[in-house]
Every structure is written in structure tokens, then in C-alpha cells.
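Each residue of the sequence shown is one higher than the last, beginning at -6 in my numbering. Ideal Cβ placement from N, Cα and C applies to all residues, glycine included.
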Amino acid sequence: MYVQDESVGPASGAVIELRDVSKAFGSHQVLDGISFDIPRGAVTNIMGPSGTGKSVLLKNIIGLLKPERGSIHIDGEDVVRMSDRNLYKVRMKMGVLFQDGALFGSMDLFDNIAFPLREHTRYPESQIRDIVHEKAELVGLKDHLRKYPGEISGGMKKRGGLARALVLDPEIVLFDEPDSGLDPVRVAYLDELILTTKAETNATFVVITHNIDSTTRVADYMAILFRSRLAAFGSKHELFASPDPVVRQFLHGETYGPIGMDELADAESELQAEVEDAAYAEADPAMYGYGPGDAQVVTGAPGIPLE
């Protein structure tokens, strides 16, 4: 269970509940008995050294991977054991922003943002246009909607990906290392955007990140993974004050402590990447970024245009 911190404000229960979640790729145990609750309406950052299973945990929450043991409840429904049809309905509550924005190279920003609306609703084009303009304005892209991904910066691609993730008004928005590849100034702008978007939508945000400065700015709660297990979970204020040696070393960037230079062997990392790619290939292409004409064969991370 998470620990409520009065300085964060009241949380209205857990929207995502993880209990004893365990996932292995062959002989490599990536997640081992992970249990914590993600509070509704808050920003929760999932952190930890490289190779500790953060992105794998995210994919289990989405349903791209299934744990060998444990349960994941979203709004009280166990997504691990439900049918594909019911899982699809639960996924409609989620928006996902992947590392590079996951935009279609063959579509301009307007059509990229409109894609989920055209795939999953029967809205008329006039209503789609209004919604796209609303979300584009929220992320500062309203004047760039006719540009293609190849014509804009990495930061703008991420903003476009965020607008698309928000277009169906999801209750939960998941970010997989949104600051990857951005310089510190653009990371700060992205953090401001996350806080603004959070205030506008009141959604639950789950952010996978290594960035300590970003976490101090945006997180309400934090989970830290280490060697396949949950090292700590609590409010941001609790974890930054924690005497736990793993938490302290990671959050303060110290070289002395239980976190070593090589936490995951290269061969195991490669195996993990291969299995993750296979899981993406089995996912619903329309839900996770692929559309007609963009790729005949789905490989690699979801939503990366195969041109």
C-alpha cells in the first residue's frame, strides 16, 4: 500500500494495484514480487538503475506483456486474467507516450493526433477537428498541425505524441522515458507541460524516468526498483528523506552503495529487448500507433514509423 503524504494532498484511492507481479525472460528474472498501489489523480514516477524492469513493468500494466505470477488491477479489474476483448476496453482508459513520440512519418501532426479518434470513435470530422485543435493548443502545437514529423524537433514530436495520448481523454496517461534525448532546458519545458496537462485533465500520470531533477519537479509519488524488486514506494518527500542505502544512492547519484556499475549483463539485456519486441509485435497495431500503410510487418517499439 502507498503511504499518503498530507503535503501532496488527498488521493482518492488507487487506480492501479500491483500485487506480487513477477516476470521472467528465460532464466532472467526481470520483475520479482512487485507490489504497490498507484494513487488516482497523482503523478507517480517509476525509477531505478538501468535494466531493473521499469519499462517491462509499464508493458505489464498496459497488457503488452503478462506476468507469470501476480495480479494487476485497474479500476478494480484484473487485466492479467481478463479476455482480450475486455482488455481492449480497459486500454481505452489509457493514453501512452513512448520515448520518441511514436508519430507516423507519413502523416502530418493533425492526422497523427486525430488517428485514435478516427479509429475508435464515430465522431464527425468537424468534432474531430475541434478536439485535435483543443489538444494541440494544450501542448503548444496549434500553429504546427500541418507539419510532418520529419520537419519538427524531437521535443515537438514528444508534444505531438502527448496530444495524441490525450485525445480520447484517458483516465490514465503512461510515459515511457519522455525526457529521453532531450537537453535539460527542453526537459524543464516538458515537465511544465506535464504539470499543466495534469491540472487540465486531472488524469493519473505514471512516468518511467531516470531523471532526478525532473522527478523533483513533477512527481507526487515515487517507486524505485532495484534488482528486479521494489526497493521503496512512497511520497516524493518520504523517499528523498529515506535512509535506505539503495534509495539514497540512486537519488543522490553516489558511487558508494549497493548499486554497482554493471547491474545487468549485456546478454541478459539483449534477451530482454528481444522479448519486449516480440510482445510489441503481438499488440493491437491500431491501439499502439501503427496504421494502414505505415507498415506491413510490426517490429520494434510501437508507433515507430517504418519508412
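Reduced DSSP secondary structure (H/G/I, E/B, other) of D176:
Sequence index remark: in the sequence shown, residue 176 carries index 183 (1-based). DSSP, read as helix, strand or coil, puts D176 in coil.
Does the Cβ-Cβ distance between I205 and L244 come in under 9 angstroms?
For the purposes of this step, residue 205 is identified with residue 212 of the sequence shown, where counting begins at 1. For the purposes of this step, residue 244 is identified with residue 251 of the sequence shown, where counting begins at 1. Pairing I205 with L244 gives a Cβ-Cβ distance under 9 angstroms.
As an exercise, report each continuous alpha helix (DSSP H) stretch of at least 4 residues that is fully enclosed by the segment 49 to 115, in chain order.
Listed in chain order, the alpha helix (DSSP H) elements of length 4 or more contained wholly in the segment 49 to 115 are 77 to 84, 102 to 113.
Can you have a look at D13 and say buried or exposed, based on whether 16 or more other CB atoms are within 10 angstroms of its CB?
Locating residue 13 in the sequence shown gives position 20, counting from the first residue. The residue is exposed, with fewer than 16 neighbouring Cβ atoms inside 10 Å.
Along the chain, where does the alpha helix (DSSP H) containing I252 start, and where does it finish?
For the purposes of this step, residue 252 is taken as the residue at position 259 of the sequence shown. Boundaries for I252: no alpha helix (DSSP H) harbours it, and the DSSP string shows neither H nor E there.
For a test of the three-state rule: what should DSSP assign to S28, helix, strand or coil?
For the purposes of this step, residue 28 is taken as the residue at position 35 of the sequence shown. It is a strand residue.
Extent of the continuous alpha helix (DSSP H) to which I124 belongs:
Locating residue 124 in the sequence shown gives position 131, where the first residue counts as 1. Segment 118 to 131, the alpha helix (DSSP H) holding I124.
If you reduce the DSSP assignment to three classes, tell me which class I205 lands in.
In the sequence shown, the residue the question calls residue 205 occupies position 212. In the three-state scheme derived from DSSP, where H, G and I count as helix and E and B as strand, I205 is classed as helix.
Taking the C-alpha atoms as reference points, what is the distance between D68 and A7?
In the sequence shown, the residue the question calls residue 68 occupies position 75. In the sequence shown, the residue the question calls residue 7 occupies position 14. D68 and A7: Cα-Cα distance of roughly 8 angstroms.
Rounded to the nearest angstrom, what separates R210 and V199 at their Cα positions?
Position 217 of the sequence shown, counted from the first residue, corresponds to residue 210. Position 206 of the sequence shown, counted from the first residue, corresponds to residue 199. Their backbone Cα atoms lie some 14 angstroms apart in a straight line.
Taking 9 angstroms as the cut-off, decide whether the C-beta atoms of E164 and M75 are in contact.
Your numbering for residue 164 matches position 171 in the sequence shown. Your numbering for residue 75 matches position 82 in the sequence shown. Against a cut-off of 9 angstroms, the Cβ pair of M75 and E164 comes out as no contact.
For K140, which residues from the same chain have a beta carbon less than 7 angstroms from its beta carbon, with the 5 sequence-adjacent residues on both sides left out?
Locating residue 140 in the sequence shown gives position 147, counting from the first residue. Taking C-beta separations shorter than 7 angstroms and ignoring five residues to either side along the sequence, the partners of K140 in its chain run D101, L102, following chain order.
Expressed to the nearest angstrom, what Euclidean distance is found between the alpha-carbon atoms of S28 and S228?
The residue you call residue 28 lines up with position 35 of the sequence shown. The residue you call residue 228 lines up with position 235 of the sequence shown. C-alpha separation (whole angstroms): 16 angstroms.
In the DSSP assignment, what residue or residues form a beta bridge with A17?
Within the sequence shown, residue 17 is the residue found at index 24, counting from 1. Answer is Q22.
N- and C-terminal bounds of the alpha helix (DSSP H) containing K152:
As a first step, residue 152 is located in the sequence shown; it is residue number 159 there, counting from the start. The identity of residue 152 in the sequence shown is Arg, whereas the question assumes Lys. Under the DSSP assignment, R152 falls in the alpha helix (DSSP H) whose first and last residues are 147 to 159.
Measuring CB to CB, does I39 end up less than 9 angstroms from E10?
The sequence position of residue 39 within the sequence shown is 46, counting from 1. The sequence position of residue 10 within the sequence shown is 17, counting from 1. Result no, Cβ atoms of I39 and E10 do not sit closer than 9 angstroms.
So the beta strand (DSSP E) L218 belongs to, where does it begin and stop?
By 1-based counting over the sequence shown, the position of residue 218 is 225. Per DSSP, L218 belongs to the beta strand (DSSP E) from 214 to 219.
Does the distance from the C-beta atom of L90 to that of P177 stay below 9 angstroms?
One-based indexing of the sequence shown puts residue 90 at position 97. One-based indexing of the sequence shown puts residue 177 at position 184. Going by C-beta atoms, L90 is not nearer than 9 angstroms to P177.
May I have the straight-line CA-CA distance separating T37 from M215, to the nearest angstrom?
Here residue 37 is taken as the residue at index 44 of the sequence shown, counted from 1. Here residue 215 is taken as the residue at index 222 of the sequence shown, counted from 1. Distance between the alpha carbons of T37 and M215: 5 angstroms.
Is it right to say K150 is buried, meaning 16 or more other beta carbons lie within 10 angstroms of its own, or is it exposed?
Residue 150 sits at position 157 when you count from the first residue of the sequence shown. Answer is buried; the Cβ neighbour count reaches 16.
Cβ-based burial, P109 [other Cβ within 10 Å; buried from 16]
Sequence index remark: in the sequence shown, residue 109 carries index 116 (1-based). In this structure P109 is buried. Its beta-carbon is surrounded by 16 or more other beta-carbon atoms within 10 angstroms.
In this structure, does DSSP put L138 in helix, strand or coil?
For the purposes of this step, residue 138 is taken as residue 145 along the sequence shown, with counting starting at 1. Here L138 sits in coil by DSSP.
Note down, in chain order, each residue of its chain lying with its Cβ closer than 8 angstroms to the Cβ of G143, except the 5 sequence neighbours on either side.
Here residue 143 refers to the residue found at position 150 when the sequence shown is read from its first residue. Sequence-distant Cβ neighbours of G143 in its own chain, meaning closer than 8 angstroms and more than five residues away, are G98.
Span of the beta strand (DSSP E), counted from its first residue to its last, around R222:
Along the sequence shown, read from residue 1 onward, the residue named residue 222 stands at position 229. Residues 222 to 228.
Given that a residue counts as buried once 16 or more other Cβ atoms are within 10 Å of its Cβ, and exposed if not, what is P117?
The residue given as residue 117 occupies position 124 in the sequence shown. Burial state of P117 is exposed, judged by a 10 Å Cβ sphere holding fewer than 16 other Cβ atoms.
Span separating the alpha-carbon of G41 from that of E193
Along the sequence shown, one-based indexing puts residue 41 at 48. Along the sequence shown, one-based indexing puts residue 193 at 200. Near 29 angstroms, if we compare the C-alpha coordinates of E193 and G41.
Inter-residue Cα distance where the pair is R115 and E127
Within the sequence shown, the letter at position 122 stands for residue 115. Within the sequence shown, the letter at position 134 stands for residue 127. Cα to Cα, the separation comes out at about 18 angstroms.
What number of angstroms, rounded off, separates the C-alpha of L50 from the C-alpha of D162?
As a first step, residue 50 is located in the sequence shown; it is residue number 57 there, counting from the start. As a first step, residue 162 is located in the sequence shown; it is residue number 169 there, counting from the start. Computed Cα separation, rounded: 23 angstroms.
Go to P301, then tell me how far its alpha helix (DSSP H) extends in each direction, as first and last residue.
Because the chain in this structure spans residues -6 to 300, residue 301 falls outside the shown range and cannot be described.
Alpha carbon to alpha carbon, how far is V160 from P238? Give it in angstroms, no decimals.
In the sequence shown, the residue the question calls residue 238 occupies position 245. In the sequence shown, the residue the question calls residue 160 occupies position 167. Rounded to whole angstroms, P238 to V160 spans 41 angstroms at the Cα level.
Between the CA atoms of L96 and Y249 - distance to the nearest angstrom
Position 256 of the sequence shown, counted from the first residue, corresponds to residue 249. Position 103 of the sequence shown, counted from the first residue, corresponds to residue 96. Y249 and L96: Cα-Cα distance of roughly 41 angstroms.
Coarse secondary structure for T45, derived from DSSP in three states
Stepping through the sequence shown from its first residue, residue 45 is reached at position 52. Looking at T45 - three-state DSSP - the assignment turns out to be coil, as it is neither helix nor strand.
For V125 versus L155, is the C-beta spacing smaller than 9 angstroms?
Position 132 of the sequence shown, counting from 1, holds the residue named residue 125. Position 162 of the sequence shown, counting from 1, holds the residue named residue 155. No, Cβ-Cβ distance for V125 and L155 is not below 9 angstroms.
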